[in-house]
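Asker:
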Amino acid sequence: MQQTSSKPKEWRRYKEVSVPWAQYDAHRQDEYKHVINLQNVFSKLDKPVQRREFRLSELTIILLLKIMFGISYRGIASATKNLGIYKILGMKRAPSYKTIQRTMQHLQVGFLSQVNRWLTPSEIQLAGIDSSGIKTQQKGVWVQIRFRKLAQKRDFKKIHIFVDLESKKILYCIITNGFSFDSPQLKRILKRCKWLKISIILGDGGYDSKDCFNEITKKGAIPGIPVRKNSTGRSRGSISRKKAVLEQKKDIKRWKEKVRYTMRCIVEAIFSGTKRRFGEYLFCIKERYRRVEMWLRTILWNVLIYPR
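Numbering-wise (my numbering), the sequence shown opens with residue -7 and increments by one.
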């Protein structure tokens, strides 16, 4: 009988990572300063000048702090008053929770996407796209017991993000129904990112379609999408997909090294990081406000992400 070795295997790191912890800690300490400094970016919301006691740029910063802290409207209202945040923002007094809540009515997705464009680079070597579900209702067991309702399947939405895999910043995001497919959303995202210059776009097998390959090629980028195992080498409407099929069937490892396909896992890490940092639920109920909330999360992530 073969004897097993009693010595445990030594754990080895796959990749050596050196993090300047002093610089990292300094960046974390300055997070709140980075968020408050966005007040100048949102100053366009205050034009034309209206007779408001609170400026929209100031209230938007409070909304970002609400998402950052992960607290309710009443919680951020009391924190703004007790911690003196309103004095830092130049307010005469702290706003009520209802005033902060009504700020969502004045925020537009188009303006927030322009702010996010200012925070991201215009030339990208490696980009990735993926989707993930996010919950929209937070109902506990007490609600089911109190109102005698059976546990139903929770509602959820699907978030599609387009990411710069080198800087870890989110370039664009859209929110769709939870049962929508991934491949049609690639065309929507690329159409709204005409200002970007990209070399390679990575995606999982859910984007394996002729339309996706053609849209990426039209963008001037190389598609890094794995094709199905039973794919044929015939063109039939997509030359770029035919080329990818032949390369992957010849040597899949070489193809992955060529397009740096292992970098696609960064998109999954960004989904995990945003949910752990900002919560797994959307606090807005109306669909329009959910899109605004998603863009506020995107801007906040791009401001707080530690550059490496």
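Think of the CB as a built atom: it goes at the ideal place given N, C-alpha and C, for glycine as much as any other residue. This one's a predicted model, so the numbers in the text were calculated from it and none came from an experiment.
Might you give, ordered along the chain, the residues of its own chain that have their beta carbon closer than 7 Å to the beta carbon of M(-7), omitting 5 neighbours on each side?
Answerer: Summary for M(-7): the model assigns pLDDT 48, below 50, so the residue's position carries little reliability, and this model does not support an answer.
Asker: From the DSSP output, read off the bridge partner residues of I258.
Answerer: Answer is none; I258 lacks a bridge partner.
Asker: Could you give the DSSP three-state label for Q117: helix, strand or coil?
Answerer: Three-state DSSP puts Q117 in a strand.
Asker: What residue does the beta strand (DSSP E) around R194 start on, and which one ends it?
Answerer: It should be pointed out that residue 194 corresponds to Leu in this sequence rather than to Arg. Note, L194: beta strand (DSSP E), K189 to L194.
Asker: Which of helix, strand or coil does DSSP assign to M(-7)?
Answerer: Low confidence applies here, because M(-7) scores a pLDDT of 48, under 50, leaving its location unreliable; read the following figure in that light. Looking at M(-7) - three-state DSSP - the assignment turns out to be coil, as it is neither helix nor strand.
Asker: Answer with buried or exposed for D200, where buried requires no fewer than 16 other C-beta atoms within 10 angstroms of its C-beta.
Answerer: When all chains shown are included, D200 counts as buried.
Asker: Could you tell me the boundaries of the beta strand (DSSP E) in which V219 lies?
Answerer: Looking at the DSSP string, V219 is not in any beta strand (DSSP E), and its letter there is neither H nor E.
Asker: Hey, which unbroken runs of the beta strand (DSSP E) at 3 residues or more fall wholly within the segment 149 to 188?
Answerer: If we require 3 residues or more, the beta strand (DSSP E) runs fully inside the segment 149 to 188 come out as 161 to 169.
Asker: DSSP on D122, reduced to helix/strand/coil?
Answerer: Of the three classes helix, strand and coil, the one that applies to D122 here is strand, per DSSP.
Asker: My understanding is that L51 touches I92, with C-beta atoms under 8 Å, so please give their C-beta distance in whole angstroms.
Answerer: Right, the Cβ-Cβ distance comes to about 6 Å (below 8 Å), so this counts as a contact.
Asker: If you follow the alpha helix (DSSP H) that Y78 is part of, which residue opens it and which one closes it?
Answerer: Start and end: I77 to I80.
Asker: What do you get for H152, buried or exposed, if any count of 16 or more other CB atoms within 10 angstroms of its CB means buried?
Answerer: By the neighbour-count rule (16 or more Cβ atoms within 10 Å), H152 is buried.
Asker: Looking only at C-alpha atoms, which of I262, I258, A236 and V259 sits nearest to K250?
Answerer: Answer by Cα proximity: A236.
Asker: Tell me which residues share the same chain as S124 and place their Cβ nearer than 7 Å to its Cβ, disregarding the 5 neighbours each side in the sequence.
Answerer: Contacts found: I151 and F263.
Asker: What are the start and end residues of each continuous beta strand (DSSP E) run of 3 or more residues lying completely inside the segment 36 to 80, in chain order?
Answerer: Qualifying beta strand (DSSP E) stretches: none in this window.
Asker: So H19 is in the alpha helix (DSSP H); what residue range does that whole segment cover?
Answerer: Unbroken alpha helix (DSSP H) run through H19: W13 to Q21.
Asker: Determine the DSSP secondary structure at K250, reduced to helix, strand or coil.
Answerer: Correct three-state label for K250: helix.
Asker: Can you tell which of L163, L194, K186 and K189 has its C-alpha closest to the C-alpha of S175?
Answerer: With distances taken between Cα atoms, S175 lies closest to L194.
Asker: So, at 8 Å on beta carbons, what are the nonlocal neighbours of R246 in its own chain, with the 5 sequence-adjacent residues on each side left out?
Answerer: Around R246: E239.
Asker: Could you tell me which residues DSSP puts in a beta bridge with Y273?
Answerer: K127, per the DSSP bridge assignment.
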